[in-house]
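Heads up, the thing below is written out as structure tokens.
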Amino acid sequence: MQCDILLVPCGGKYTFDVKEAAEFTQKIKPKKVIPTHYTDVIGESEVGDRFKRATMELSQDIEIEVML
Numbered sequence: 011m012q013c014d015i016l017l018v019p020c021g022g023k024y025t026f027d028v029k030e031a032a033e034f035t036q037k038i039k040p041k042k043v044i045p046t047h048y049t050d051v052i053g054e055s056e057v058g059d060r061f062k063r064a065t066m067e068l069s070q071d072i073e074i075e076v077m078l
């Protein structure tokens, strides 16, 4: 079964941290991924960009669109 859209919580507090979220995304191999819960902490809005970079680095063999 193929996952079309993955919503992955990656704020790091009660959720995946950036690395864990990127690794989980690599395992699922969705067509598109949307990180969630990363702006819940004031000053942590750059988590979305860090997640996107980490996902792109791990997913060089597959194409995953990261939607922020």
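Residue numbers (our numbering): 11 to 78. Glycine included, each C-beta is placed from N, C-alpha and C at the ideal position.
Length of the line joining the Cα atoms of residue i and residue j
i: Arg60; j: Leu16; result: 17 Å
i: Glu73; j: Lys41; result: 7 Å
i: Glu38; j: Val57; result: In the sequence under discussion, the amino acid at residue 38 is Ile, which differs from the Glu named in the question. Approximately 20 Å, taken between the alpha carbons.
i: Glu33; j: Gln12; result: 17 Å
i: Glu3; j: Asp71; result: With the chain covering only 11 through 78, there is no way to say anything about residue 3.
i: Asp14; j: Lys23; result: 26 Å
i: Ser69; j: Gln36; result: 6 Å
i: Ala64; j: Tyr48; result: 15 Å
i: Cys20; j: Lys62; result: 11 Å
Limits of the unbroken alpha helix (DSSP H) element including residue i
i: Thr35; result: Val28 to Ile38
i: Thr65; result: Val57 to Leu68
Endpoints, the beta strand (DSSP E) within which residue i is located
i: Ile44; result: Lys42 to Thr46
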